[in-house]
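Single-structure report; data block below.
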Amino acid sequence: MTKSILKVLAGEALDRPPVWLMRQAGRYLPEYRQVRSTAKNFIDFCLTPDKATEVTLQPIRRFGFDGSILFADILLIPMTLGRNVWFVAGEGPKLDPLAADDIASLEIGDVEGILGPVGQTVANLSVALPDKTTLIGFAGSPWTVATYMIEGGGSKDRWNSRRLYWEHPAAMERLLDLIADATIRYLVMQANAGAEVLKLFDSWAEGLPPPMFEDVVIRPTRRIVEGLRAAGVTCPIIGFPKGAGPNYVAYAEQTGVTALALDHGLNTQWALDNLPKNMPLQGQLDPAVLRAGGDALDREIERIISAFRGRPHIFNLGHGITPDVPIDHVEQLVRKVRGE
Ligand code: CP3
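Read in order, the letters of the sequence shown are residues 739 to 1078 in my numbering.
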């Protein structure tokens, strides 16, 4: 029996889409908060296989999602380039900001050693998950990871990163290539440990002029896809260039990804008309309507399911679930998507 998510990613349109949620392991679950409270800090949590395995399994036990995404974070990769990463409660990720002059001396370290615990988590999950559940590994895309490295954390408009691209194009290219090459090694490790699908999160793909989108999003993503294929990794790859708008078309045609995750802001009809007809699409419920619940949630789920009917489609949010979502709204979502 082929798993439903793998069928869709092979191009099949199912009567009912399979379903999982971005950030499905997280603070909206009391059992997550309990395990989280036993960890010294967030990075340590991600690098402790028993804890990371447990919180990955929690939403599968509770909701029976068709996909299970590895619990880790996109900001582990900067550690393999020798950068410090830490999380401040209530503020989010922090890194030592990276300037153009720092880039020449960056080197890729022992990826398999530093991130070895994540490989162990994947191996644990491939044994522990139910037979019908697809195990999804992931990494951040180079541009998004680079913005956190340059800005020293999250930022409103990625100003320093955008400036660095225009003022020091060669330095930006080197940084993106280093992140891509470390990411290839990280994802090869995940695939060898049992990940069945890989997803690339480019959370900051919005607001980029076309030549820049080509240089910072498309080219490094293609480098990763080609590097994985050259290393013998055959599993489907989902790309998520969040906020890319019409740039989704070039991304679909030029990166080599198998499938696209669509954000909630992308016009559904436009996506159906302009993206390759046989390409599997995942998405695109607004996380705010999941928070709202009620009739609005039912109506949006119906709209999305009927829009994608006849196309290979995986039901998901257009971005991660927020910590304030009541559990019964997630239960409502799963019942509604499954037509129960
Ligand atoms: O359940 C899953 O989806 C798997 C695990 C996962 C996490 N982060 C766990 C996490 C995944 C796939 C991510 C991806 C991630 N991390 C992205 C890309 C997706 C997106 O949301 O755009 C980004 C940009 C990050 C970086 C990151 N990690 C930020 C900005 C934050 C802080 C914001 C916040 O919500 O507090 C994190 C922390 C983080 N990563 C948490 C979780 C469950 C919450 C931290 C906690 O429990 O204290």
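Think of the CB as a built atom: it goes at the ideal place given N, C-alpha and C, for glycine as much as any other residue.
Test item: CB-CB of L1000 and A1009 under 7 angstroms: Position 262 of the sequence shown, counting from 1, holds the residue named residue 1000. Position 271 of the sequence shown, counting from 1, holds the residue named residue 1009. A contact, by the Cβ cut-off of 7 angstroms.
Does the Cβ-Cβ distance between D940 and T882 come in under 7 angstroms? For the purposes of this step, residue 940 is taken as the residue at position 202 of the sequence shown. For the purposes of this step, residue 882 is taken as the residue at position 144 of the sequence shown. The Cβ atoms of D940 and T882 sit closer than 7 angstroms to each other.
Within this structure, are the beta carbons of M737 and A990 separated by less than 7 angstroms? An answer regarding residue 737 cannot be provided, because it is not within the stretch 739 to 1078 covered by the chain.
Using beta-carbon positions only, say whether G977 and R761 come within less than 7 angstroms of one another. Here residue 977 is taken as the residue at index 239 of the sequence shown, counted from 1. Here residue 761 is taken as the residue at index 23 of the sequence shown, counted from 1. Result no, Cβ atoms of G977 and R761 do not sit closer than 7 angstroms.
4-residue-minimum alpha helix (DSSP H) runs that sit fully inside the segment 792 to 870, ordered along the chain: Look at the segment 792 to 870 and you find these whole runs of alpha helix (DSSP H), each 4 residues long or longer: 815 to 818, 849 to 852 and 854 to 866.
Looking at C-beta atoms only, is the number of pairs between the segment 1021 to 1041 and the segment 771 to 786 that lie closer than 8 angstroms three or more? No contact exists between the segment 1021 to 1041 and the segment 771 to 786.
For I976, which three-state DSSP category applies? As a position in the sequence shown, residue 976 is number 238, starting the count at 1. Note: I976 maps to strand in three-state DSSP.
Looking only at DSSP bridge pairs, what is K937 linked to? Against the sequence shown, residue 937 aligns to sequence position 199. Looking at the DSSP assignment, K937 forms a beta bridge with F876 and I976.
Tell me whether the beta-carbon of G891 lies closer than 7 angstroms to the beta-carbon of P816. Taking the first residue of the sequence shown as position 1, residue 891 is located at position 153. Taking the first residue of the sequence shown as position 1, residue 816 is located at position 78. No, the Cβ-Cβ distance between G891 and P816 is not below 7 angstroms.
Just to check my reading of the structure: R1049 and L1004 have Cβ atoms closer than 8 angstroms, yes? What is that Cβ distance to the nearest angstrom? By one-based count along the sequence shown, residue 1049 stands at place 311. By one-based count along the sequence shown, residue 1004 stands at place 266. Rounded to whole angstroms, the Cβ separation of R1049 and L1004 is 14 angstroms, and the two are not in contact under 8 angstroms.
How far does the beta strand (DSSP E) with H1051 in it reach, from first residue to last? Mapped onto the sequence shown, residue 1051 falls at position 313. Annotation for H1051: the continuous beta strand (DSSP E) segment containing it runs H1051 to L1055.
Any chance the segment 869 to 877 sits against the segment 926 to 941, with 3 or more Cβ pairs inside 8 angstroms? Yes: the two stretches touch, three or more of their Cβ pairs being nearer than 8 angstroms.
Which residues does DSSP pair with Q1022 in a beta bridge? For the purposes of this step, residue 1022 is identified with residue 284 of the sequence shown, where counting begins at 1. Beta-bridge annotation (DSSP): Q1022 is paired with N1054.
For N1054, count the other beta carbons within 10 Å of its own beta carbon; 16 or more makes it buried, fewer makes it exposed. Which is it? Looking up residue 1054 in the sequence shown gives position 316. A residue is called buried when at least 16 other Cβ atoms come within 10 angstroms of its Cβ; N1054 meets this threshold and is buried.
Range of the contiguous beta strand (DSSP E) that encloses A997: Your numbering for residue 997 matches position 259 in the sequence shown. Start and end: A997 to A999.
Alpha carbon to alpha carbon, how far is Y766 from I922? If you number the sequence shown from 1, residue 766 lands on position 28. If you number the sequence shown from 1, residue 922 lands on position 184. A direct Cα-Cα distance of roughly 31 angstroms separates Y766 from I922.
What are the boundary residues of the alpha helix (DSSP H) that S899 is part of? Taking the first residue of the sequence shown as position 1, residue 899 is located at position 161. Under the DSSP assignment, S899 falls in the alpha helix (DSSP H) whose first and last residues are W897 to E905.
Sorted by chain position, which residues of the same chain lie with C-beta nearer than 8 angstroms to R1101's C-beta, five sequence neighbours on each side aside? This structure cannot speak to residue 1101, because the chain is shown only from 739 to 1078.
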